[in-house]
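Asker:
In UniProt numbering, the protein residues as written are 1 to 361.
#1: Return the chain-ordered list of same chain residues with a C-beta closer than 7 Å to the C-beta of residue 162, the five sequence neighbours on each side being excluded.
#2: Measuring alpha carbon to alpha carbon, tell me which of 286, 188, 233 ends up nearest residue 313.
#3: Among 75, 184, 34, 111, whose alpha-carbon lies nearest the alpha-carbon of residue 16?
#4: What do you get for residue 186, buried or exposed, if any count of 16 or more other CB atoms within 10 angstroms of its CB means buried?
#5: Whose C-beta lies closer than 6 Å to the C-beta of residue 366 among residues of the same chain, with five residues either side of it excluded?
#6: Count the C-beta pairs between the segment 22 to 29 and the segment 96 to 112 that are closer than 8 Å, then say yes if the count reaches three, no if not.
#7: Assign residue 194 to one of three DSSP states: helix, strand, or coil.
#8: Who are residue 145's beta bridge partners in DSSP?
#9: How about the segment 30 to 42 and the segment 1 to 21: do they share at least three Cβ pairs that are nearer than 8 Å?
#10: What number of angstroms, rounded off, separates the C-alpha of residue 340 from the C-alpha of residue 66?
#11: Could you check how far apart the C-beta atoms of residue 160 and residue 297 are, in whole angstroms? I think they sit under 8 Å.
#12: Would you list the one or two residues that DSSP bridges to residue 3?
#13: Can you tell me the Cα-Cα spacing of residue 197 and residue 214, whole angstroms?
#14: What's the C-alpha gap between residue 352 and residue 265?
#15: On the three-pair Cβ rule with 8 Å, is the segment 77 to 92 touching the segment 329 to 344?
#16: For residue 223, count neighbouring Cβ atoms within 10 angstroms of its own Cβ and tell me buried if that reaches 16, exposed if not.
#17: So residue 236 is in the beta strand (DSSP E); what residue range does that whole segment cover?
#18: Tell me which residue opens and which closes the alpha helix (DSSP H) that residue 83 is part of.
#19: Is residue 100 near residue 35, with beta carbons less than 9 Å apart?
#20: Between residue 212 and residue 174, is the Cβ-Cβ spacing less than 9 Å?
#21: Count the other CB atoms, across all protein chains shown, that sit within 10 Å of the CB of residue 260; report buried if there are 16 or more and exposed otherwise.
#22: Considering only their Cβ atoms, is the gap separating residue 146 from residue 305 smaller than 9 Å?
#23: Hey, would you say residue 75 sits closer than 9 Å to residue 318, going by beta carbons?
#24: Whole angstroms is fine: what's the gap from residue 294's alpha carbon to residue 95's?
#25: Smallest Cα separation from residue 200: which of 143, 78, 179?
#26: Does the Cβ-Cβ distance between residue 140 and residue 168 come in under 9 Å?
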């Protein structure tokens with residue numbers, strides 16, 4: 001079977017890319033190695049900016065299996081606690097297995113051919129097309145690779161290698177039953193990271209993640225949440241790397257687009273899908289279209305390099321100056337840009353300028 005585009009990986013970024021391409025009239029196949037619905041290690045949190053992105057491509061949040069919506073978050077640690085609110089909301093929570101399945105269904109309704117349980121075991125270029133082996137043989141003029149954090153197909157094509165040290169967040173996650181009330185971020189859970197509680201209906205996703213030693217993250221997770229039902233994942237963060245090759249586009253986790261401050265990846269994966277589809281359909285440079293996102297994430301990484309090693313100090317500063325916590329939440333949720341947040345801090349608290357300048361250089 002021949003296609004104009006093959007999208008490899010049916011997470012949010014892959015499904016969004018396939019959906020847009022099918023809407024534009026491209027004959028598209030979406031390949032997924034696991035049978036759907038499948039379990040996915042993820043906290044299942046969607047920030048406010050996801051809603052605007054989805055709406056811009058014709059998808060309403062009401063079409064998706066959102067379980068709870070929160071207008072405030074609770075941030076705690078080192079014996080202190082602060083609550084931050086944002087109008088209309090900050091974070092919504094969902095089951096990733098159901099969320100991903102709903103996006104696949106939307107893509108299929110737009111004409112995408114979805115093949116789950118079809119791992120791509122071989123891919124090669126031949127006579128200007130790609131030949132793929134995914135149970136059966138397929139051909140495609142272009143590839144959109146959304147294979148997740150582990151470079152399999154992208155490595156076969158010589159575009160991506162294994163992630164260098166310092167560019168991956170390691171995370172452990174599990175579900176716990178109970179009547180959980182608040183979104184919680186626990187800033188003293190582990191060095192160079194944090195713990196979380198994301199309530200859903202009758203349960204919560206709990207986890208610990210960061211750039212600390214994985215053994216230490218596991219130890220702290222077990223202390224905080226027990227040892228049952230733990231799943232592990234890694235989250236690649238922004239780095240200086242290629243996002244495209246000839247007729248190949250990398251999106252989502254394999255593009256390394258997570259926020260190094262928070263670990264958020266769903267929004268950035270979806271945004272990369274939108275820009276890759278735009279590059280493909282409009283004949284533009286995908287990397288050029290992604291420059292604003294890469295610049296924003298790179299700024300966050302420079303700030304994270306200062307904040308994460310000194311989390312206690314910065315968290316206590318946010319408790320003391322609640323405006324900073326509020327504006328940081330706005331920047332994380334997409335109400336304001338991260339650069340505008342930095343500018344505001346510089347103007348409002350000039351004593352912090354030396355540290356912030358080091359982040360901006």
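Ideal Cβ placement from N, Cα and C applies to all residues, glycine included.
Answerer: With the structure as the only source:
#1: 151
#2: 188
#3: 111
#4: buried
#5: In the structure as shown, the chain starts at 1 and stops at 361, and residue 366 therefore has no counterpart that could be examined.
#6: yes
#7: strand
#8: 8, 250
#9: yes
#10: 30 Å
#11: That pair is no contact at about 17 Å.
#12: 140
#13: 19 Å
#14: 29 Å
#15: yes
#16: exposed
#17: 231 to 236
#18: Careful: residue 83 lies outside any alpha helix (DSSP H), inside the beta strand (DSSP E) at 80 to 85.
#19: no
#20: no
#21: buried
#22: no
#23: yes
#24: 28 Å
#25: 179
#26: no
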